[in-house]
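Protein chains in written order, with full-length UniProt numbering: chain V, 1 to 449; chain R, 1 to 449. Note that beta-carbon positions come from the ideal geometry of N, C-alpha and C, so glycine has one too. Structure record follows, encoded as structure tokens.
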């Protein structure tokens with residue numbers, strides 16, 4: 001089949017209405033197989049929408065003999081990724097990871113072949129290089145599925161909001177962590193138990209690091225920030241905190257206050273510059289993001305003129321992600337049929353990046369302490385020494401059994417700050433942790449105001 | 001200024017990077033003035049995004065001498081709408097209503113001038129004619145602001161979801177009625193009081209008919225249905241019910257059941273064909289649409305592969321609507337700079353329209369009755385006669401004072417049906433209303449399952 005793909009009629013140049021546009025798929029996993037299904041099953045409808053037929057010209061995967069879908073002609077399967085790229089008018093990269101994805105995508109773009117990809121890690125690391133290659137060779141690069149799965153969010157950001165000024169995007173962009181936090185909230189589970197449950201149900205991978213440590217969300221934050229602010233913001237610019245330290249105590253305290261804990265990807269254009277961060281935060285229950293349950297994703301946007309917007313939908317899964325991939329394929333195919341391309345992604349702003357030292361917020365801090373007289377006074381004094389003011393404090397009188405090494409009663413002390421500088425707060429907390437009455441690691445959560 | 005507009009350099013043909021693209025505004029009201037502001041204030045940013053400068057070339061309005069905005073050069077103001085169209089590369093129609101909007105838009109399109117409009121009534125009535133004119137003359141017609149104000153929804157429907165099959169859209173697409181229902185729910189107000197409050201606060205017009213009778217939402221439903229199903233569905237195809245008959249009793253009963261009343265625009269592609277309807281419905285509190293509060297709008301989409309999606313934001317207001325208008329202007333300007341156009345809107349499917357007789361749903365029906373023995377038996381028997389089954393029934397023992405002409409005690413009888421045929425149910429209810437113990441008009445609300 002490699003030869004068939006490589007020799008496929010390239011429909012772009014001649015512009016004849018009946019010449020099919022060749023789509024080459026790299027990857028035949030969950031998303032790849034569903035993408036193939038939509039392309040095949042909806043072929044007539046897609047032809048109507050594009051004005052020219054679309055043809056699956058090749059599918060590259062590691063073990064072609066293991067792939068068996070009723071809608072997929074086995075003759076299209078090959079191990080030869082480069083042949084699939086060469087035979088395509090549109091190369092759809094669904095391999096994931098940095099290599100060989102980067103090489104293959106660049107190979108396509110440098111040959112003027114448009115690319116559709118769902119690869120967030122690739123774009124968060126090498127986005128600007130790929131955007132430049134696409135522009136230089138008059139090829140399209142579309143990647144709706146890389147952020148928020150099925151949710152049409154990247155395109156509104158690139159196009160619909162192009163007459164406005166985006167101030168911030170708050171995203172729930174990782175379904176695994178949202179599912180885990182949701183289970184912890186509704187069932188009172190501890191993190192470890194909820195994670196195991198998510199793994200058993202297929203919502204979390206065997207190695208959940210990329211999800212629970214916030215790296216997946218951070219990749220998406222980098223992509224979103226670059227597009228929203230037209231500034232090169234890569235994965236290395238994103239400060240990341242995951243959810244592994246969230247305890248059922250944190251969740252219970254949040255619930256008691258009418259709040260919910262969500263892992264947020266936050267990109268902002270503030271006074272100190274642009275920033276992209278991932279952290280767990282306490283959100284009031286009446287905020288639209290609070291109702292994003294289970295494995296759903298959402299992006300909450302504030303723009304100067306549009307005010308508040310939210311985009312909501314399935315952030316993962318084969319068919320939903322394939323919906324976004326095929327939507328991009330149709331757009332690119334229309335451009336090919338027209339002999340045009342979409343607007344190139346140009347990161348023409350070089351906005352300063354806000355230093356972490358500029359980070360300001362309200363924080364909820366939880367310490368575990370061995371209860372003794374005078375502890376509250378010592379902690380309060382430390383806050384005063386650092387010029388930090390406390391908005392509320394709550395000492396839980398129930399013993400908590402979290403440190404098996406301590407035989408006495410461990411209690412939970414929880415306080416909420418006023419709006420304060422994050423670096424100062426962390427220094428203050430580090431000092432407090434030097435007190436012998438503090439047990440284990442404190443939890444520090446941002447509070448959405 | 002009319003001459004200046006008419007004589008404005010037409011930038012399209014020569015493609016020089018420094019030749020501005022002329023934007024002519026028809027209308028200088030709330031949205032028009034904010035559109036002008038964004039075009040002027042964000043000029044440099046827009047130039048970056050388009051690759052060519054954009055220039056406000058003329059603003060037509062009824063009384064130029066009354067218009068005074070700090071960002072608007074008064075020399076651009078004119079009464080001469082046709083001159084503004086002639087001088088524009090992009091004509092932005094914000095006059096509203098059918099005429100002269102239709103004539104002006106056709107004039108533009110027939111001359112190959114692209115159009116951006118926020119005019120839902122125009123599109124719901126004459127959409128196919130305008131889409132054909134645009135395609136025939138290689139001009140764009142974009143109208144993000146016509147449905148859901150600032151929410152990027154039309155474009156995802158036209159583009160992002162073009163690789164999927166949309167089954168249904170449930171929209172809260174009228175902010176006025178959503179605000180009124182919200183006030184009735186949270187404050188226990190009667191419809192008349194809530195309407196008056198909305199008028200005083202500027203959320204409802206002096207003549208609220210178009211909003212409260214559902215006509216505004218119906219226009220939007222027609223536009224959405226046409227795009228979602230690629231089938232010509234006009235305003236005359238939309239069955240409409242407004243919210244004027246909703247009482248505080250209906251709201252209280254909904255609240256007691258954990259539901260909320262919303263005016264929905266519903267477009268569906270079902271077994272009996274495609275349909276577009278507007279009606280008030282009972283929605284469970286945990287549905288994402290239930291949390292759409294106040295004057296916000298949202299569209300909840302179900303597509304075959306993408307599954308559930310929701311788009312949320314401000315459905316009205318000068319700046320939010322202008323954000324959508326300018327987003328469209330930027331897209332069209334990019335096309336002009338590229339010498340291309342966007343994909344034409346082709347209603348290539350001619351799907352059958354589902355007859356009202358095919359409408360099936362669960363209904364909540366409320367009668368006001370003069371309580372006498374045997375009433376329940378008589379009503380139940382009527383339902384049985386029509387082959388309709390009742391899922392639950394509730395007789396309110398508190399006297400309700402809704403009919404001042406009746407001196408006895410009037411009670412409320414409320415029942416919820418099983419899934420049933422709407423026409424049959426309405427015939428049954430008509431029969432029941434012939435009983436002398438029934439007072440006034442019953443309320444019939446769909447229940448979302």
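A Cβ-Cβ distance of about 25 angstroms is found for the pair residue 95 of chain R and residue 157 of chain R, leaving them out of contact under the 8 angstroms criterion.
Residue 149 of chain R counts as buried, since at least 16 other C-beta atoms from the protein chains shown sit within 10 angstroms of its C-beta.
Taking a Cβ-Cβ cut-off of 9 angstroms, the neighbours of residue 314 of chain V in chain R comprise 306, 307, 308, 309, given in sequence order. Where residue 117 of chain R is concerned, the enclosing beta strand (DSSP E) starts and stops at 114 to 117. Taken in chain order, the members of the stretch 276 to 289 of chain V whose beta-carbon sits within less than 9 angstroms of a beta-carbon on chain R are 286, 288. Nearest CB-CB separation between residue 147 of chain R and chain V: not below the 8 angstroms threshold. Distances from the alpha-carbon of residue 306 of chain R to those of V/324, V/298, V/295, V/300 put V/324 closest. Residue 123 of chain V has its alpha-carbon roughly 31 angstroms from the corresponding atom of residue 192 of chain V.
Per DSSP, the continuous alpha helix (DSSP H) segment holding residue 338 of chain V begins and ends at 318 to 338.
The three-state reading of DSSP puts residue 390 of chain V in strand, counting E and B together. CA-to-CA, the gap between residue 257 of chain R and residue 364 of chain R works out to about 11 angstroms. Counting only Cβ-Cβ distances below 8 angstroms, residue 442 of chain R has no contacts in chain V at all, with the closest Cβ about 33 angstroms away.
According to the DSSP secondary-structure assignment, residue 417 of chain R is paired through a beta bridge with R/390. Per DSSP, residue 348 of chain R has no beta bridge partner at all. Across the stretch 125 to 144 of chain V, CB contacts with chain R closer than 9 angstroms involve 144, in sequence order along the chain.
Interface residue (Cβ-Cβ distance to chain V less than 8 angstroms): residue 159 of chain R is classified as such. Per the coordinates, the alpha-carbon of residue 309 of chain R lies some 48 angstroms from the alpha-carbon of residue 374 of chain R. For residue 65 of chain V and residue 53 of chain V, the gap between their C-alpha atoms comes out near 28 angstroms.
Interface annotation, residue 46 of chain V: in contact with chain R, CB-CB separation under 8 angstroms. Using a Cβ-Cβ cut-off of 8 angstroms, residue 330 of chain V counts as an interface residue toward chain R, since at least one Cβ of chain R sits closer than that to its own. Of the residues V/119, V/83, V/98, V/126, the one whose Cα lies closest to the Cα of residue 111 of chain V is V/83. Chain order gives no chain R residues near residue 372 of chain V, where near means a beta carbon separation below 8 angstroms; the closest approach is about 45 angstroms. The three-state secondary structure of residue 359 of chain R, taken from DSSP, is coil. Taken atom to atom, the span from the alpha-carbon of residue 388 of chain R to that of residue 413 of chain R is near 17 angstroms. 34, 38: these are the residues of the stretch 17 to 38 of chain R whose beta carbon lies less than 8 angstroms from some beta carbon of chain V, given in chain order. Residue 178 of chain R places its beta carbon 8 angstroms or farther from that of residue 291 of chain R. The Cβ atoms of residue 128 of chain R and residue 347 of chain R sit closer than 8 angstroms to each other.
The beta carbon of residue 423 of chain V sits closer than 6 angstroms to those of 357, all from its chain and outside the five residues before and after it, given in chain order. Residue contact check for residue 112 of chain V against chain R: no CB pair falls below 8 angstroms.
Listed in chain order, the beta strand (DSSP E) elements of length 3 or more contained wholly in the stretch 125 to 194 of chain R are 166 to 172.
Cβ neighbours of residue 320 of chain V within its own chain (closer than 6 angstroms, five residues either side excluded): 149, 150, 314.
Of all residues in the stretch 411 to 445 of chain R, none places a beta-carbon less than 7 angstroms from a beta-carbon of chain V.
For residue 55 of chain R, the closest alpha carbon among the candidates R/431, R/39, R/69 is that of R/39.
Beta-bridge analysis with DSSP links residue 275 of chain R to R/268.
Only exposed fits residue 372 of chain R, as fewer than 16 other CB atoms lie within 10 angstroms of its CB. Within the same chain, 214, 218, 278 come within 6 angstroms of residue 240 of chain R by CB-CB distance, once the 5 residues on both sides are set aside.
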